[in-house]
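Engineer: In this note's numbering, the protein residues as written are 15 to 386.
For every residue, glycine included, the Cβ atom is placed at its ideal position computed from N, Cα and C.
The model shown is predicted, which means the values in this text are computed figures rather than measured ones.
For reference, the structure I am asking about is given below.
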Ligand code: GLA
């Protein structure tokens, strides 16, 4: 068997902007899902996972749609990818897949995109080498949306496929989705070490689930706000003054998050591009958290406590990452304060009666690739 890996991600800034055709700025995590794969000539897809030793999934390549409701939920990600390749007319003879994931599940770090993308790059190399990165991202996303039933945007899959080590990925989602050629994305150097800084991920341990409904509800509210304003997507609104026309105060707040968050992505990207001291992006990250908490209402008491405790202990900025309703916080800290910030968050969690958080340092890793 050959081996492929695909990373999880954290988004530096740009949350809930992807499905509004806006901007995102993720890095790939050094944590990956490993996919060992080989061609099977039997016309079957076989999938096992080291994380689910009891499940042995076997389905015919031609019967994947029918098998969907019978197979374990985790296996819908790899099977969905195979199914999507087939749906697009690629001939898949059969494939044997063994998975091993090191991206924490439910931590808001895109373990599912890492899983789908690891399988997607493997299938491309084995069966469909002409598939472009952009198609691969679409395939992984369709697998998650249509087969696994998780209504994601394309932030996570893009990060997992396109990110490069040492860089943040600036993606203009509208441009990326609609452009026929030319530059669709940009790698911006993200070297915190040079400035004596570290990026901490604080996993609250409260699992977040995209299939739960809160995420889909936010998407629907954004669509409704855009429709009320008569624009194709909230991306088309540049100023919060324009939002006065939205009658419902909840929809207006949701839209305000998206408009201000897009502006935050552009500002952060510009600062990093100009080589500014990354400490200067700290307050923007914290403002992003406040917006997700107050306007978009996808934070939780544990995420709020982690972000606040980190900043109180000297972090330059902190924010929840991913879809919300649980998951992780990132904090930008001076290297010498990293341990103190992690301790402060732990102490606050103990006092609040939350489970122990797990804190670790991340640096931008490479995107999905084959390991020779
Ligand atoms: C989840 C989704 C992404 C994105 C984020 C919020 O991670 O999968 O597409 O919408 O939430 O930024």
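Does the Cβ of residue 411 lie closer than 8 Å to at least one heavy atom of the ligand GLA?
Structural biologist: Residue 411 falls outside the range modelled here, since the chain spans only 15 to 386, and no answer is possible.
Engineer: Nearest to residue 297 by CA position, among 288, 312, 279, is which residue?
Structural biologist: Here residue 297 is taken as the residue at index 283 of the chain shown, counted from 1. Nearest C-alpha to residue 297: 279.
Engineer: Check whether the Cβ of residue 33 lies closer than 8 Å to any heavy atom of the ligand GLA, and answer yes or no.
Structural biologist: For the purposes of this step, residue 33 is taken as residue 19 along the chain shown, with counting starting at 1. Yes, since a heavy atom of the ligand GLA falls inside the 8 Å radius drawn around the Cβ of residue 33.
Engineer: Given that a residue counts as buried once 16 or more other Cβ atoms are within 10 Å of its Cβ, and exposed if not, what is residue 361?
Structural biologist: Start at 1 with the first residue of the chain shown, and residue 361 comes out as number 347. Residue 361 should be labelled exposed.
Engineer: Run the CB neighbour count on residue 109, radius 10 Å, all protein chains shown included, and call it buried at 16 or more, exposed below.
Structural biologist: On the chain shown, residue 109 is found 95 positions in, with the first residue counted as 1. Result: buried.
Engineer: Secondary structure at residue 278, three-state DSSP: helix, strand or coil?
Structural biologist: Counting from 1 along the chain shown, the entry for residue 278 is found at position 264. Correct three-state label for residue 278: helix.
Engineer: What three-state label does DSSP hand residue 132 in the structure shown?
Structural biologist: Taking the first residue of the chain shown as position 1, residue 132 is located at position 118. Note: residue 132 maps to helix in three-state DSSP.
Engineer: Does the distance between the C-beta of residue 169 and the nearest non-hydrogen atom of the ligand GLA fall short of 8 Å?
Structural biologist: Looking up residue 169 in the chain shown gives position 155. Flag set: Cβ of residue 169 near the ligand GLA.
Engineer: Note down, in chain order, each residue of its chain lying with its Cβ closer than 8 Å to the Cβ of residue 205, except the 5 sequence neighbours on either side.
Structural biologist: Translated into the one-based positions of the chain shown, residue 205 becomes position 191. Around residue 205: 180.
Engineer: What is the DSSP secondary structure of residue 54, reduced to helix, strand or coil?
Structural biologist: Counted from its first residue, the chain shown places residue 54 at position 40. The answer is coil: DSSP assigns residue 54 none of H, G, I, E or B.
Engineer: Could you tell me which of 59, 77, 80 sits nearest to residue 111, measuring between CA atoms?
Structural biologist: Here residue 111 corresponds to residue number 97 of the chain shown, with the count starting at 1. Nearest of 59, 77, 80 to residue 111, Cα basis: 59.
Engineer: Please check the pair residue 239 and residue 269, which I expect to be a contact at CB under 8 Å, by giving their CB distance rounded to whole angstroms.
Structural biologist: For the purposes of this step, residue 239 is identified with residue 225 of the chain shown, where counting begins at 1. For the purposes of this step, residue 269 is identified with residue 255 of the chain shown, where counting begins at 1. The pair is a contact, with the Cβ atoms about 4 Å apart (cut-off 8 Å).
Engineer: Give the range of the beta strand (DSSP E) segment to which residue 373 is assigned.
Structural biologist: Taking the first residue of the chain shown as position 1, residue 373 is located at position 359. Segment 372 to 376, the beta strand (DSSP E) holding residue 373.
Engineer: Confirm the yes/no value for this check: CB of residue 25, any heavy atom of the ligand GLA, distance under 8 Å.
Structural biologist: Looking up residue 25 in the chain shown gives position 11. The answer is yes for residue 25.
Engineer: Tell me whether the beta-carbon of residue 177 lies closer than 9 Å to the beta-carbon of residue 44.
Structural biologist: Counting from one through the chain shown, the residue named residue 177 turns up at place 163. Counting from one through the chain shown, the residue named residue 44 turns up at place 30. Cβ distance not < 9 Å, so residue 177 and residue 44 don't count as in contact.
Engineer: Please find out if some non-hydrogen atom of the ligand GLA comes closer than 8 Å to the beta-carbon of residue 127.
Structural biologist: The residue given as residue 127 occupies position 113 in the chain shown. Correct: residue 127 has its Cβ closer than 8 Å to the ligand GLA.
Engineer: Where residue 136 and residue 333 are concerned, what is the direct C-alpha to C-alpha distance, given to the nearest angstrom?
Structural biologist: Position 122 of the chain shown, counted from the first residue, corresponds to residue 136. Position 319 of the chain shown, counted from the first residue, corresponds to residue 333. Each residue's Cα considered, the two are about 33 Å apart.
Engineer: Span of the beta strand (DSSP E) holding residue 184?
Structural biologist: Along the chain shown, read from residue 1 onward, the residue named residue 184 stands at position 170. First-last of the beta strand (DSSP E) with residue 184: 181 to 186.
Engineer: Report the start-end ranges of each beta strand (DSSP E) in the segment 193 to 242 that is 3 residues or longer and not cut off at the edges.
Structural biologist: 199 to 203, 211 to 217
Engineer: Which residue wins for smallest C-alpha separation from residue 85, given the options 161, 36, 39, 18?
Structural biologist: Stepping through the chain shown from its first residue, residue 85 is reached at position 71. Nearest of 161, 36, 39, 18 to residue 85, Cα basis: 161.
Engineer: Within the present structure, is the beta-carbon of residue 351 separated from the nearest heavy atom of the ligand GLA by less than 8 Å?
Structural biologist: As a working mapping, residue 351 is identified with position 337 in the chain shown. For the ligand GLA, no non-hydrogen atom lies closer than 8 Å to the CB of residue 351.
Engineer: For residue 112, does the three-state DSSP call read helix, strand or coil?
Structural biologist: What you label residue 112 is simply residue 98 of the chain shown in a count that begins at 1. DSSP places residue 112 in strand when its eight states are reduced to three.
Engineer: Closer than 8 Å to a non-hydrogen atom of the ligand GLA - does that hold for the CB of residue 9?
Structural biologist: The requested residue 9 does not occur in the structure, where the chain is confined to residues 15 to 386.
Engineer: What residue range does the alpha helix (DSSP H) around residue 361 cover?
Structural biologist: Position 347 of the chain shown, counted from the first residue, corresponds to residue 361. Run containing residue 361: 352 to 366, per the alpha helix (DSSP H) assignment.
Engineer: From the DSSP output, in three-state form, read off residue 123 for me.
Structural biologist: Position 109 of the chain shown, counting from 1, holds the residue named residue 123. When DSSP states are grouped into helix, strand and coil, residue 123 belongs to the coil group.
Engineer: Quick one: grab the DSSP three-state call for residue 44.
Structural biologist: Your numbering for residue 44 matches position 30 in the chain shown. Reduced to three states, the DSSP call for residue 44 is strand.
Engineer: Going by Cα to Cα distance, which pick from 215, 92, 345, 341 is closest to residue 155?
Structural biologist: What you label residue 155 is simply residue 141 of the chain shown in a count that begins at 1. Ranking 215, 92, 345, 341 by Cα distance to residue 155 puts 92 first.
Engineer: Closer than 6 Å by C-beta to residue 69: which residues in its own chain qualify, once you throw out the five before and the five after it? Chain order, please.
Structural biologist: Position 55 of the chain shown, counting from 1, holds the residue named residue 69. Cβ within range, chain order: 86.
Engineer: Which whole-angstrom value describes the C-beta separation of residue 22 and residue 124, a residue pair presumed to lie in contact below a C-beta threshold of 8 Å?
Structural biologist: Along the chain shown, read from residue 1 onward, the residue named residue 22 stands at position 8. Along the chain shown, read from residue 1 onward, the residue named residue 124 stands at position 110. Cβ atoms of residue 22 and residue 124 come within 8 Å of each other, at about 4 Å.
Engineer: Is it a yes or a no for the segment 40 to 57 touching the segment 286 to 303, going by three-plus beta-carbon pairs under 8 Å?
Structural biologist: no
Engineer: Going by beta carbon distance, what residues of the same chain come within less than 6 Å of residue 376, once the five residues before and after it are set aside?
Structural biologist: Within the chain shown, numbered from 1, the residue matching residue 376 stands at position 362. Cβ neighbours of residue 376 beyond the five flanking positions: 43, 213, 215.
Engineer: At which residues does the beta strand (DSSP E) containing residue 384 begin and terminate?
Structural biologist: Taking the chain shown and counting its residues from 1, the one referred to as residue 384 is at position 370. Element bounds for residue 384: 383 to 385.
Engineer: Alpha carbon to alpha carbon, what distance is there between residue 182 and residue 50?
Structural biologist: In the chain shown, counting from the first residue as 1, residue 50 sits at position 36. In the chain shown, counting from the first residue as 1, residue 182 sits at position 168. Spanning the two alpha carbons is a distance of roughly 27 Å.
Engineer: Would you call residue 232 buried or exposed, if buried means 16 or more other Cβ atoms sit within 10 Å of its Cβ?
Structural biologist: Reading the chain shown from its first residue, position 218 is the one you call residue 232. Classification of residue 232: buried, given that the 10 Å Cβ count is 16 or more.
Engineer: Is residue 46 near residue 115, with beta carbons less than 9 Å apart?
Structural biologist: Start at 1 with the first residue of the chain shown, and residue 46 comes out as number 32. Start at 1 with the first residue of the chain shown, and residue 115 comes out as number 101. The criterion of a C-beta distance shorter than 9 Å is satisfied by residue 46 and residue 115.
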